[in-house]
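Enquirer: Below is the structure I would like to discuss, written out as structure tokens.
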Amino acid sequence: MLHLKQDIFSQVSERREIVMRRRKRTRGFTLVELIIVIAILAILAAILIPGLIGYISTAQESTCLANRATAKRLLLSETALHGLDETEAAQFLSQNSLPPGKICPAGGTVSLKKDGDTWTVSCSIHQNGNTAKSTVEIVNDHVQDLMDKAFADYFKDRPSSKELDSTGTNFGTAIRRDLAELLNIPQDQADQYDFRVYRQTVNGKNEYYVYVFDSLGNHSSGDRIAATRYVFRSGADGSPVLDDSATATGTGQVATKLIDNKDEVKYLNTSEAFWQQDP
Ligand SMILES: [Zn+2]
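In terms of UniProt numbering, the sequence shown opens at residue 1 and continues consecutively.
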């Protein structure tokens with residue numbers, strides 16, 4: 001009888017505990033917990049929003065620069081072929097699908113100035129050197145190390161390969177990680193630009209054409225975008241040496257292709273017909 005009583009007592013207290021636990025689980029959040037959640041969200045927003053704004057403005061600046069380079073080329077060729085003066089320039093660009101009002105995606109006023117046979121296309125917001133370009137300059141300081149370390153390794157392991165695109169899976173996270181490490185920048189910011197490396201053999205020695213440009217994630221197939229080209233030629237000991245005289249800025253055309261015969265990716269077409277060096 002005593003046993004039974006104890007059993008019943010322990011069953012009742014167990015049930016009470018379950019009910020209490022259940023109540024605890026469904027009682028909602030305390031004020032302190034809510035404050036903590038709101039504080040975390042505020043901190044996340046403070047971290048992410050400036051990054052996002054910077055990302056958009058970099059893309060706009062880069063598009064503005066590429067559009068101005070295209071406009072300048074159009075003006076130069078029309079001037080050489082048929083003659084063109086300042087008063088006709090805006091209308092001429094509009095006829096070629098590039099009205100001055102659409103050159104700057106950030107809404108800058110674009111002016112077209114003719115001086116002799118040459119043209120200056122400037123934007124009221126963006127300078128000639130843009131954010132993408134300064135990124136390119138940082139890359140330039142380190143690309144020598146990168147060539148020695150990552151790209152040279154990549155091509156050494158793939159003797160028949162000619163091209164390496166950072167948009168393709170063949171680029172590999174190792175190269176991107178090396179790049180970010182060399183540039184001393186966080187991984188999320190390393191994604192703001194892309195690379196294309198083309199290798200060719202001249203007199204039995206390797207040459208590398210390295211193109212650095214704004215991330216293709218910001219651009220559509222068919223767009224012309226600004227890029228900087230570096231050429232590395234084989235040095236005395238066989239390792240790649242930057243040929244400063246061959247460094248050039250220009251535009252390439254965004255296109256798609258299959259990489260490793262399976263993944264369709266966007267890449268920057270920099271083959272002769274699609275690469276236009278700035279005049
Ligand atoms: Zn602009």
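By construction, the Cβ of each residue, glycine as well, lies at the ideal position given by its N, Cα and C atoms.
Could one say the Cβ of A66 lies closer than 8 angstroms to chain D's Cβ atoms, at least one of them?
Expert: Protein chain content of the structure displayed is limited to a single chain, and chain D is not contained in it.
Enquirer: Along the chain, where does the alpha helix (DSSP H) that runs through F195 open and close?
Expert: Numbered from 1 along the sequence shown, position 195 holds the residue referred to as residue 195. From DSSP, F195 is part of no alpha helix (DSSP H) but of the beta strand (DSSP E) over Y193 to V202.
Enquirer: If contacts are defined as beta-carbon pairs under 8 angstroms, then A255 and N269 qualify, I think. What distance do you get, rounded to the angstrom?
Expert: Reading the sequence shown from its first residue, position 255 is the one you call residue 255. Reading the sequence shown from its first residue, position 269 is the one you call residue 269. Rounded, the Cβ-Cβ distance is 4 angstroms, consistent with contact.
Enquirer: Beta carbon of G101: closer than 7 angstroms to some heavy atom of ligand 1?
Expert: Taking the first residue of the sequence shown as 1, we reach residue 101 at position 101. Every heavy atom of ligand 1 is 7 angstroms or more from the Cβ of G101, so no.
Enquirer: Just to confirm the assignment: which complete beta strand (DSSP E) runs, minimum length 3, are found wholly within the segment 217-262?
Expert: 224-234, 240-242 and 248-259
Enquirer: Skipping 5 residues on each side, what residues in its chain have a beta carbon closer than 6 angstroms to that of E137?
Expert: What you label residue 137 is simply residue 137 of the sequence shown in a count that begins at 1. For E137, the pLDDT reaches just 47, beneath the cut-off of 50, and the residue's location in the model is therefore unreliable, although a value from the coordinates is still provided. Closer than 6 angstroms at Cβ, skipping near neighbours: no residue.
Enquirer: Would you say the beta carbon of G108 comes nearer than 7 angstroms to a heavy atom of ligand 1?
Expert: Start at 1 with the first residue of the sequence shown, and residue 108 comes out as number 108. Within the cutoff, so yes.
Enquirer: When every heavy atom of ligand 1 is checked, does at least one fall within less than 7 angstroms of the C-beta of H219?
Expert: The residue you call residue 219 lines up with position 219 of the sequence shown. No - ligand 1 has no heavy atom lying nearer than 7 angstroms to the Cβ of H219.
Enquirer: Does the beta-carbon distance from S124 to G108 come in below 8 angstroms?
Expert: Within the sequence shown, the letter at position 124 stands for residue 124. Within the sequence shown, the letter at position 108 stands for residue 108. For S124 and G108, yes; Cβs fall inside 8 angstroms.
Enquirer: Thinking C-beta only, is N261 closer than 8 angstroms to S234?
Expert: Here the question's residue 234 lines up with position 234 in the sequence shown. Here the question's residue 261 lines up with position 261 in the sequence shown. For S234 and N261, no; Cβs fall outside 8 angstroms.
Enquirer: Taking the C-alpha atoms as reference points, what is the distance between A106 and V32?
Expert: Counting from 1 along the sequence shown, the entry for residue 106 is found at position 106. Counting from 1 along the sequence shown, the entry for residue 32 is found at position 32. Approximately 43 angstroms between the Cα atoms of the pair.
Enquirer: Between the segment 57-68 and the segment 218-226, are three or more C-beta pairs nearer than 8 angstroms?
Expert: yes
Enquirer: Does the segment 195-202 touch the segment 153-170, meaning 3 or more C-beta pairs lie closer than 8 angstroms?
Expert: yes
Enquirer: Which term fits A273, buried or exposed, when burial requires 16 or more other beta carbons within 10 angstroms of its beta carbon?
Expert: Sequence index remark: in the sequence shown, residue 273 carries index 273 (1-based). Exposed.
Enquirer: Return yes when the Cβ of D214 is within less than 8 angstroms of the Cβ of A71, no when it is not.
Expert: Locating residue 71 in the sequence shown gives position 71, where the first residue counts as 1. Locating residue 214 in the sequence shown gives position 214, where the first residue counts as 1. Not in contact: A71 and D214 (Cβ atoms no closer than 8 angstroms).
Enquirer: Could you compute how far the alpha carbon of I103 sits from the alpha carbon of Y209?
Expert: Translated into the one-based positions of the sequence shown, residue 103 becomes position 103. Translated into the one-based positions of the sequence shown, residue 209 becomes position 209. In this model, I103 and Y209 are separated by some 29 angstroms (Cα to Cα).
Enquirer: With DSSP collapsed to three states, give me the class of D117.
Expert: Counting from one through the sequence shown, the residue named residue 117 turns up at place 117. Looking at D117 - three-state DSSP - the assignment turns out to be coil, as it is neither helix nor strand.
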